[in-house]
Amino acid sequence: MWLKVVVTLAAAWPGANLVYNTFWGDLGVNPLETLLLTSGESALVILLCSLAVTPIRRLTGWNRIQSVRRMLGLWAFFYAFCHLSFYILLDRACLYWSDCQVQAIVDDVMKRKFIMAGMVAFLAMVPLALTSTKGWIRRLGKKWQTLHRLAYLAGLAGAIHFVWKTKVPETQPYLYMSILIVLLLVRVYFAWKKRSVRTGAA
Amino acid sequence: MLIKIGQPSDIRSSEITPEPVYRSRREFLQLTAAGAVGAVACGPLGEDLSAQVAIPNVKPSPLSTTEKPHTWEQLTNYNNFYEFGTNKSDPAANAHRLTVKPWTVKVDGLVAKPADYALEDLVKPHQLEERVYRFRCVEAWSAVIPWVGFPLADLIRRVQPNSRAKYVAFTTLLRPNEMPGQRGASLDWPYVEGLRMDEAMHPLTILATGLYGKEMPKQNGAPIRLVVPWKYGFKSIKSIVRISFVEQEPPTSWNIANAREYGFYSNVNPTVAHPRWSQARENSLGSFLKNKETLMFNGYADQVAKLYEGMDLKKLY
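Taken in sequence, the protein lines are chains A and B. Here our numbering is used: position 123 in the first sequence is 123, and no number is missing along the way. Here our numbering is used: position 109 in the second sequence is 109, and no number is missing along the way.
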């Protein structure tokens with residue numbers, strides 16, 4: 001229980017901060033940039049946390065950590081949704097219909113690989129959020145796990161989105177990319193171990 | 001998620017310091033700087049303003065825009081100056097380490113009077129003017145900035161380049177022990193920039209030594225920087241130590257870093273997209289919305305379009 005409370009508070013923190021600073025505080029000199037960067041980075045970091053849950057459980061045997069995985073995934077989706085909304089409503093100014101240029105958004109997604117990568121990351125998360133309920137887990141059975149491997153695609157596309165966004169190579173995006181690669185390698189190791197155990201038994 | 005949206009010009013009241021208030025606050029700070037009251041007014045604004053020395057005898061200019069300038073706090077806390085780090089807040093945090101006195105500018109190359117000028121000697125013969133210019137960053141944000149400076153053309157006439165000089169090349173200080181960003185490899189150091197001679201001679205092109213009537217803050221490129229208001233901000237090289245007159249188009253830092261994204265000319269042009277984002281619109285600093293239409297040559301087309309007649313600006317971006 002305490003674990004869920006801690007995770008909820010930690011995951012809600014960047015969002016609460018943005019809400020507070022939007023209405024009563026200060027979002028800095030470039031509020032648009034603050035909203036975009038904070039929401040995007042929060043989505044990526046929380047997604048990485050959700051992807052770290054299973055490796056941590058298997059490496060440490062701390063089984064209760066599994067109880068926060070869905071929560072983390074949904075928080076990541078929430079921030080990604082905010083990020084995309086800020087992009088469409090504020091960066092592309094669609095908040096006012098007269099300022100909205102749908103073609104400019106289409107151009108961004110189709111012509112600019114950094115935005116395309118971000119869109120791939122978001123779209124990969126949509127089915128995961130939709131099928132996160134107990135009902136869907138039951139209905140999909142084994143397929144659920146296969147489907148939810150999309151989380152890795154979302155993580156990779158999200159990290160690439162960040163790497164491609166910067167004007168010069170910066171530490172942060174490469175750090176996230178490295179963490180993601182390590183998490184992927186841990187999974188590959190587990191899969192390999194499982195297979196070798198199986199073939200060894202046969 | 002519900003978010004409050006400001007109009008483009010609607011800078012939040014917490015960020016605004018109207019200039020009269022700001023000026024009177026400054027005078028108040030100056031009056032009391034030696035006393036205890038000065039020590040009480042210790043916010044970032046108080047510190048910066050009491051630290052910056054006012055520049056005497058600055059003349060207004062008809063070339064200034066009448067748009068409302070952004071505040072001192074905005075302009076000195078949000079800077080791209082990779083010598084001090086790649087985050088917008090890094091220059092304000094790190095630039096205090098920079099020593100700007102004494103400062104020497106080497107003028108060399110194809111000129112009659114090459115010399116190492118002490119900054120004071122370089123600036124002294126020129127009438128300083130306040131030039132309130134629009135500033136458009138290649139990242140699609142913009143600002144209105146009250147610079148203090150003098151036309152680069154005046155200096156060029158003084159040092160007398162010969163007829164072979166076709167370009168002017170600029171170099172920023174290289175001093176990694178005071179510029180922490182130079183210890184990393186975000187760009188090739190030192191930062192270099194260049195202009196074609198007719199661009200350098202244009203009356204809008206200035207060497208700036210101040211901001212808001214004060215000596216240039218270190219994070220904005222102290223003690224002397226270039227300002228070319230119709231080009232993306234990175235062309236306006238900061239903390240200049242060398243001005244060379246050359247025959248060939250000189251290398252420029254962002255072009256070296258990524259030639260596909262940053263050309264030599266880098267004129268503000270809403271019709272030529274950066275490969276990774278559109279340049280059609282900008283968001284004015286302080287705004288939540290990127291809904292301001294970017295103007296050709298940043299709104300200076302009447303003055304500068306003739307410099308580029310016959311050039312394909314899609315190719316020579």
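We treat Cβ as the ideally placed atom computed from N, Cα and C, and that holds for glycine. The structure presented is a predicted model; accordingly, all values stated were derived computationally and were not measured.
- At a cut-off of 9 Å, the C-beta of P190 (chain B) has no neighbouring C-beta in chain A.
- Among the residues facing chain A, P275 (chain B) is included, as its CB has a counterpart in that chain under 9 Å away.
- Annotation for Y133 (chain B): the continuous beta strand (DSSP E) segment containing it runs E129 to R136.
- In this structure, the straight-line span from the alpha carbon of S196 (chain A) to that of L74 (chain A) is close to 34 Å.
- Relative to P102 (chain B), the option among B:R276, B:A273, B:P223 and B:F245 whose CA is nearest is B:P223.
- Among the residues of chain A, those whose CB is under 9 Å from the CB of G286 (chain B) are V29, N30 and P31, following chain order.
- Put simply, the backbone Cα of W164 (chain A) is about 44 Å away from that of V159 (chain B).
- The Cβ-Cβ distance between P60 (chain B) and E129 (chain B) falls below 9 Å.
- Nearest CB-CB separation between A257 (chain B) and chain A: below the 9 Å threshold.
- Counting only Cβ-Cβ distances below 7 Å, F114 (chain A) has contacts in chain B at R276, in chain order.
- Shown here for P251 (chain B): same chain residues with a beta carbon closer than 7 Å to its own, the five before and five after excluded, namely V192 in chain order.
- In terms of CA proximity to L44 (chain A), A:A157 leads the group A:D91, A:K167 and A:A157.
- Where V6 (chain A) is concerned, the enclosing alpha helix (DSSP H) starts and stops at W2 to F23.
- Under the 10 Å beta carbon count, V182 (chain A) is surrounded by fewer than 16 other beta carbons and is classified as exposed.
- By the rule that beta-carbons nearer than 9 Å mark a contact, W72 (chain B) does not touch chain A.
- By the Cβ-count criterion, S278 (chain B) is buried, with 16 or more other Cβ atoms from all chains shown falling within 10 Å of its own Cβ.
- Under the Cβ criterion of 9 Å, E67 (chain B) is not counted among the residues facing chain A.
- Closer than 9 Å to the CB of W164 (chain A) there is at least one CB belonging to chain B.
- Counting only the Cα atoms, F135 (chain B) lies some 14 Å from T71 (chain B).
- For V159 (chain B), the secondary structure class from DSSP, reduced to helix, strand or coil, is helix.
- From the beta-carbon of E170 (chain A), the residues of chain B found nearer than 8 Å are T86 and S186.
- Nearest CB-CB separation between Y96 (chain A) and chain B: below the 9 Å threshold.
- Assignment of beta-bridge partners to R196 (chain B) by DSSP yields B:Y167.
- Note that the C-beta distance between G181 (chain B) and D90 (chain B) is below 9 Å.
- With its beta carbon less than 9 Å from one in chain B, R92 (chain A) belongs to the interface.
- At a C-beta separation below 9 Å, A104 (chain A) has these neighbours in chain B: S278, A280 and R281.
- Note on P176 (chain B): under 16 other CB atoms within 10 angstroms of its CB, so exposed under the neighbour-count rule.
- Per the C-alpha coordinates, the member of A:F122, A:I88, A:G155 and A:K193 positioned closest to F288 (chain B) is A:I88.
- Beyond the five residues adjoining it in sequence on each side, L90 (chain A) comes within less than 6 Å, by CB distance, of L32 in the same chain, given in chain order.
- Comparing alpha-carbon positions, the option among A:L175, A:F77 and A:L36 lying closest to S50 (chain A) turns out to be A:F77.
- The beta carbon of G263 (chain B) sits closer than 8 Å to those of N255, L316 and Y317, all from its chain and outside the five residues before and after it, given in chain order.
- N30 (chain A) is positioned such that its CB atom lies no closer than 9 Å to that of K314 (chain B).
- One thing to note: N162 (chain B) has its Cβ within 9 Å of the Cβ of F245 (chain B).
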